[in-house]
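For the record, the sequence lines run as chains A and B. Residues in the first sequence are numbered from 32 upward in steps of one, following my numbering. Residues in the second sequence are numbered from 3 upward in steps of one, following my numbering. Idealized CB from N, CA, C, for every residue including glycine. Have a look at the structure below, then the notes.
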Amino acid sequence: MTPDLLRLTDVTIEFGSPKKPIRVVEGVSFSIGRGESVGLVGESGSGKSVTSLAIMRLIGGRVVQGRIEFEGRNLLDLPASALPEIRGRDIAMIFQEPMSSLNPLMTVGDQIGEALLLHGWRDRTKRRERTIEMLRLVGIPNAEGRLGAYPHQFSGGMRQRVMIAMAVACEPKLLIADEPTTALDVTIQAQVLDLMKTVRRELGMAILLISHDLGVIADVCERVVVMYAGRVVEEADIRTILTRPQHPYTRGLLRSVPRRGHEAERLYQIPGSVPPAGSIRQGCPFRDRCELAVSRCAEEMPPMFRFGPSQSAACWVTAAAEGVTQAGAAA
Amino acid sequence: MTALIRAENLGKTFGATGGWFGGGSDQVRAVDGVTFDVDAGETLALVGESGCGKSTLGRLLLRLIDPTDGTIRFEGQDVTRLSSAEMRMMRQRMQIIFQDPFGSLSPRRTIGQIIGEPLEIFGLTRGRRARRDRVAELLQQVGLPPAYMDRLPRQFSGGQRQRVGIARAIAVNPAFIVADEPVSALDVSIQAQIINLMQDLQRDAGFSYLFIAHDLAVVRHIADRVAVMYLGRIVEVGPKRLIYDAPQHPYTQALLSAAPEPEVDTVSRRIILKGDVPSPSNIPPGCSFHTRCPIAQEVCRRDRPPLAQVAPGQLAACHFARPNPIPTGNAA
């Protein structure tokens, strides 16, 4: 097995005052290999965005426990002064709304150029060439002519392309994309997802794609981590998740999506709603909405049980039903 | 079946001629020559991407905005000719559910006041007591505890808010409901609850929905028929099964293929369109889709194709649409 590019171990994040902390992420562990594409799926309040921001050390909350290792170095131990070098060069991030990450007063060419300059591209001509190359890679028509254009002169889909160009200009080893296509129309979303796959292939980088949409994740990712109420509840390769999910939440999530060939049936609905952040201190956070819950679920948080070489899930009931006793995350 | 509502050559142009600074026209043709029916008890879904005019069309039908041209017949009556007072009374029959039901409502009013308001306006209940009883009944119908009527909007989650929005819409026993992206802002597990609720209520009360959405999986689930809009025009309309299994317009084909589904081995069939949707203030001549169409020819740049029948109940506006053999089984 190749060593992981990124490994999160038992990461716990709290917001609020230290006296009355609100735990929004608890004991999250997963890893991403070099060049691998991993999806982080969950609904609002699942902690998926907070987790991804913690990797970049961009959150207001406190990581009170755990390690976030990038190429073996714990990012949580690094001094703040070491962060700019990692952000952008090693790990880059794109968000749902590109306009909030682009400077409206700077031309697109200058913004990508600035990112390059910060990471050691001193030669102006080379910077310009690289900027054009990146804009071409992401499919901006007439890339050279668009260097002087401002963000508002681009459509939503084109802005997201510019963001991707800026993010990947320094060839990061990991691109974190937080709901990158949620604000886009479906035909434009298809273009951007296609672009992410192309860029990943061309530059050989790893992708962590955060999304509420399992369809989007199925399109781009090889492996999926499912989060619910601040915890990882299941992890597996994409095919296994779609065909043999083991956690009742993952099963419910998949069954509540309207699917081809099942139009006449009533949609499966998970009863109730996601518990408020930090409200569940004991037991499985899904138990109140779970059809399979037994008394043990209210008392003890299940560990991640290994259901197969690439699959693990945190459920007492399905583990017992499948005769799985071995705890520990999937390889 | 009889048409409950019929739009004919409906059009809406926003903006005045000759802009503030003179020169070019700032007109946006948001809806252009749209003709369609919604039958009693059916769900017609209106799909398309942002800026295609689907929300404008929904608001035109209720005359929340007035059309520039065309007519709307509701139960045979031309509502475009009604005075605003007459139209207000007509709204007892026609309601709307928004994506964010509280976006336009006062945050200081209780849920009971919000749902009770249409009852009061249309004189459907006499006295405070009767109104509270009816609100309690409505809350139960949408799956909320009646005790919630004294709560304020901010105490509700997204799914609960949408339940309140639905309760307010059905309070007046409408025949027609425009649902504008009612589940788009909701999490998947909550979305399923609301879709089921909307279907249950329709089954019980028999009203029609114009279901405006961009999520094609949701539409496939809820619709009886589907109309596809592009730049203000309907480019294809027909029974759900024909639209999904045998779409004839290249835009419909691309739109359906672009929607990612949580299933294995679906990626290969994707048609990726080049470029962006043109601005509705500058609609391309001829077929407005020709700038992005993978099969466009010279004729498409010149002549606008009419919406013509390709199968029973299925119409498509494409020069190259062929009569559609009725698909059997799992044609895709």
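Check                                                                                                                                                                  : Outcome
Taking the C-alpha atoms as reference points, what is the distance between Arg61 (chain B) and Gly55 (chain B)?                                                        : 10 angstroms
Going by DSSP, what residue range makes up the alpha helix (DSSP H) through Arg65 (chain B)?                                                                           : From DSSP, Arg65 (chain B) is part of no alpha helix (DSSP H); its letter is neither H nor E.
By the 9 angstroms beta-carbon criterion, what residues does the stretch 237-253 of chain B contribute toward chain A?                                                 : Lys242, Arg243, Tyr246 and Tyr253
Quick one: measure Cβ to Cβ for Gly72 (chain B) and Gly160 (chain B), integer angstroms, because I've assumed they're closer than 8 angstroms.                         : Wrong, their Cβ atoms sit about 35 angstroms apart, outside the cutoff.
Measuring CB to CB, does Ile125 (chain A) end up less than 7 angstroms from Pro211 (chain A)?                                                                          : yes
Three-state secondary structure (DSSP) at Lys14 (chain B)?                                                                                                             : strand
Where Arg110 (chain B) and Ile168 (chain B) are concerned, what is the direct C-alpha to C-alpha distance, given to the nearest angstrom?                              : 19 angstroms
Could I get the ranges of all uninterrupted alpha helix (DSSP H) runs contained in the stretch 156-207 of chain B, with 4 residues as the minimum, in chain order?     : 160-172 and 190-207
Against chain A, which members of the stretch 253-287 of chain B pass a CB distance test of less than 7 angstroms?                                                     : Ala256, Leu257, Ala260, Ala261, Pro262, Glu263, Pro264, Glu265, Val266, Val269, Arg272, Ile274, Leu275 and Asp278
Let me confirm a value: Gln222 (chain A) is counted as buried when at least 16 other C-beta atoms fall within 10 Å, else exposed. Which label applies?                 : buried
With distances taken Cα to Cα, identify the nearest neighbour of Pro280 (chain B) among B:Arg272, B:Ile274 and B:Arg294.                                               : B:Arg294
Using a cut-off of 7 angstroms between C-beta atoms, extract the partners of Ser52 (chain B) located in chain A.                                                       : Asp216
Measuring CA to CA, which of B:Leu212, B:Leu258, B:Arg133 and B:Pro241 is closest to Leu317 (chain B)?                                                                 : B:Pro241
Measuring straight from C-alpha to C-alpha, what distance separates Val217 (chain A) and Asp250 (chain A)?                                                             : 13 angstroms
List, in order along the chain, the chain B residues whose C-beta lies closer than 8 angstroms to that of Ser287 (chain A)?                                            : Val190, Ser191, Gln193 and Ala194
Report yes or no: do three or more beta-carbon pairs, one from the stretch 284-303 of chain A and one from the stretch 84-103 of chain A, lie closer than 8 angstroms? : no
What number of angstroms, rounded off, separates the C-alpha of Leu140 (chain B) from the C-alpha of Asn105 (chain A)?                                                 : 55 angstroms
Pairing CB atoms from the stretch 343-356 of chain A with CB atoms from the stretch 328-335 of chain A, are three or more of them under 8 angstroms?                   : yes
Exposed or buried, which one is Ala123 (chain A) when buried takes at least 16 other CB atoms within 10 Å?                                                             : buried
Give me the residue from B:Pro314, B:Tyr246, B:Val137 and B:Ala177 with the minimum Cα distance to Gly96 (chain B).                                                    : The sequence given here places Met at residue 96 (chain B); Gly does not occur at that position. Checking every option, the nearest Cα to that of Met96 (chain B) belongs to B:Ala177.
Would Arg163 (chain B) pass as an interface residue toward chain E - the criterion being a Cβ-Cβ separation below 7 angstroms?                                         : The displayed structure is made up of protein chains A and B, and chain E is not among them.
Check for me: the alpha helix (DSSP H) holding Arg167 (chain A) runs from which residue to which?                                                                      : Arg155 to Leu168
Should Ala351 (chain A) be labelled buried (16 or more other beta-carbon atoms within 10 Å of its own) or exposed?                                                     : exposed
Measure the Cβ-Cβ separation of Thr82 (chain A) and Val56 (chain A) and say whether it is below 7 angstroms.                                                           : yes
Hey, does Ala180 (chain A) have any beta-carbon neighbour from chain B nearer than 7 angstroms?                                                                        : no
Say whether chain A places a C-beta atom closer than 7 angstroms to the C-beta of His1 (chain B).                                                                      : One cannot answer for residue 1 (chain B) here, as it falls past the ends of chain B, which runs 3 to 334.
Throw me the rounded Cβ distance for the Leu48 (chain B) and Leu244 (chain B) pair, which I believe falls under 8 angstroms.                                           : That belief does not hold up - the Cβ atoms of Leu48 (chain B) and Leu244 (chain B) are roughly 16 angstroms apart, past 8 angstroms.
For Thr73 (chain B), which residues does DSSP report across the bridge?                                                                                                : B:Glu10
Run through chain A and tell me which residues come within less than 9 angstroms of Pro219 (chain B), C-beta to C-beta.                                                : First, the amino acid is wrong: residue 219 (chain B) is Ala here, not Pro. Within 9 angstroms Cβ-Cβ: Gly246, Val288, Pro289, Arg290 and Arg291.
Taking 7 angstroms as the threshold (beta carbon to beta carbon), is Asp250 (chain A) in contact with chain B?                                                         : yes
What separation, rounded to the nearest whole angstrom, lies between the Cα atoms of Gly21 (chain B) and Ser52 (chain B)?                                              : Residue placement at Gly21 (chain B) is flagged as unreliable, the pLDDT there being 49, under the threshold of 50; the coordinate-derived value follows with that caveat. So the alpha carbons of these two residues sit roughly 24 angstroms apart.
One question on the structure: do His292 (chain B) and Arg303 (chain B) come within less than 7 angstroms of each other, judged by their Cβ atoms?                     : yes
Measuring CA to CA, which of B:Thr37, B:Ile123 and B:Ser191 is closest to Ala229 (chain B)?                                                                            : B:Thr37
Have a look at Val139 (chain A) and Met165 (chain A) and give me their C-alpha separation to the nearest angstrom.                                                     : 11 angstroms
Does the structure place the stretch 234-245 of chain A close enough to the stretch 290-299 of chain A that three or more beta carbon pairs sit under 8 angstroms?     : no
Buried or exposed: which applies to Leu136 (chain A), given that a residue is buried once 16 or more other Cβ atoms fall within 10 Å of its Cβ?                        : exposed
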